[in-house]
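J.: If you count the sequence shown from 1, you need to add 41 to reach my numbering.
Handing you this structure, nothing more for now.
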Amino acid sequence: MTPTPPWPVTEPTPQPEEEPFYDGLLVGELRVPWCDNCDEHVWRPKSHCTVCYRAVSGWRTLSGMGEVYSYCVIHRGVEAFAAIGPYVLAWVSLDGGPTILGNVIAPQDDLRIGMRVRIVEPRDPERGQRGPVFTGC
Ligand SMILES: [Zn+2]
């Protein structure tokens, strides 16, 4: 079966505290803000920890691996997504990190909760950015 397509390239407008995350996606890295006081990630990206309210200590690059927590197949997208359906919108629990929303490229028959996935390297900064895109591993 044909794999579902990746999200189209769009022009997200990240908030300043999200820029390291989106910059990481351009080189195929998943970067998350980290609080050394809690020894835990801060998600969504913020300037301060949402638990202890201290300033974020820095950013950590995760392995890019994770597993599908939940997903749905979108058959009729809107705007930039209208021409690509069906595509997959999924919550992915990252190894050592948060559960984030992303896109999974995979044959629909292979999709399942618990499926192991890895980040795809978009490497196309000239054409714009897109959210996290995963594929099966
Ligand atoms: Zn904290």
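Glycine is no exception: its CB is placed at the ideal position from the N, C-alpha and C atoms.
1) According to DSSP, is residue 66 helix, strand or coil?
2) Give the single residue among 90, 71, 72 and 86 whose Cα lies nearest to the Cα of residue 80.
3) Within its chain, find whatever has a CB closer than 6 angstroms to the CB of residue 92; leave out the 5 residues flanking it on each side and keep chain order.
4) Using a 10 Å radius around the Cβ and a threshold of 16 neighbouring Cβ atoms, would you call residue 68 buried or exposed?
5) Mapping DSSP to helix, strand and coil, what is residue 148?
6) What residues match up with residue 156 in a beta bridge as DSSP calls it?
7) Residue 119: buried (16+ other C-beta within 10 angstroms of its C-beta) or exposed?
8) Buried or exposed, going by whether 16 or more other CB atoms sit within 10 Å of the CB of residue 116?
9) To the nearest angstrom, how far is it from the Cα of residue 77 to the Cα of residue 152?
10) Report the rounded CA-to-CA distance for residue 138 versus residue 64, giving the unit in angstroms.
11) What does the shell around ligand 1 hold, if a residue joins when its beta-carbon is under 6 angstroms from any heavy atom?
12) For residue 115, report the span of its beta strand (DSSP E) as first-last.
T.: Taking the definition as stated:
1) In the sequence shown, residue 66 corresponds to position 25, counting from 1. In this structure, residue 66 counts as helix in the three-state DSSP scheme.
2) Position 39 of the sequence shown holds residue 80. When only C-alpha atoms are compared, the closest one is 90.
3) The residue you call residue 92 lines up with position 51 of the sequence shown. Answer for residue 92: 79, listed in chain order.
4) Taking the first residue of the sequence shown as 1, we reach residue 68 at position 27. With fewer than 16 other Cβ atoms within 10 Å, it is exposed.
5) Sequence index remark: in the sequence shown, residue 148 carries index 107 (1-based). Three-state DSSP puts residue 148 in a strand.
6) Here residue 156 refers to the residue found at position 115 of the sequence shown. Residue 156 is not bridged to any residue.
7) What you label residue 119 is simply residue 78 of the sequence shown in a count that begins at 1. Exposed, since its Cβ has fewer than 16 Cβ neighbours within 10 Å.
8) In the sequence shown, counting from the first residue as 1, residue 116 sits at position 75. Under this definition residue 116 is an exposed residue.
9) Working through the sequence shown from its first residue, we reach residue 77 at position 36. Working through the sequence shown from its first residue, we reach residue 152 at position 111. Cα to Cα, residue 77 sits roughly 35 angstroms from residue 152.
10) Along the sequence shown, read from residue 1 onward, the residue named residue 138 stands at position 97. Along the sequence shown, read from residue 1 onward, the residue named residue 64 stands at position 23. Rounded to whole angstroms, residue 138 to residue 64 spans 18 angstroms at the Cα level.
11) 76, 78, 79, 90, 92, 93 and 95
12) The residue you call residue 115 lines up with position 74 of the sequence shown. Note, residue 115: beta strand (DSSP E), 106–115.
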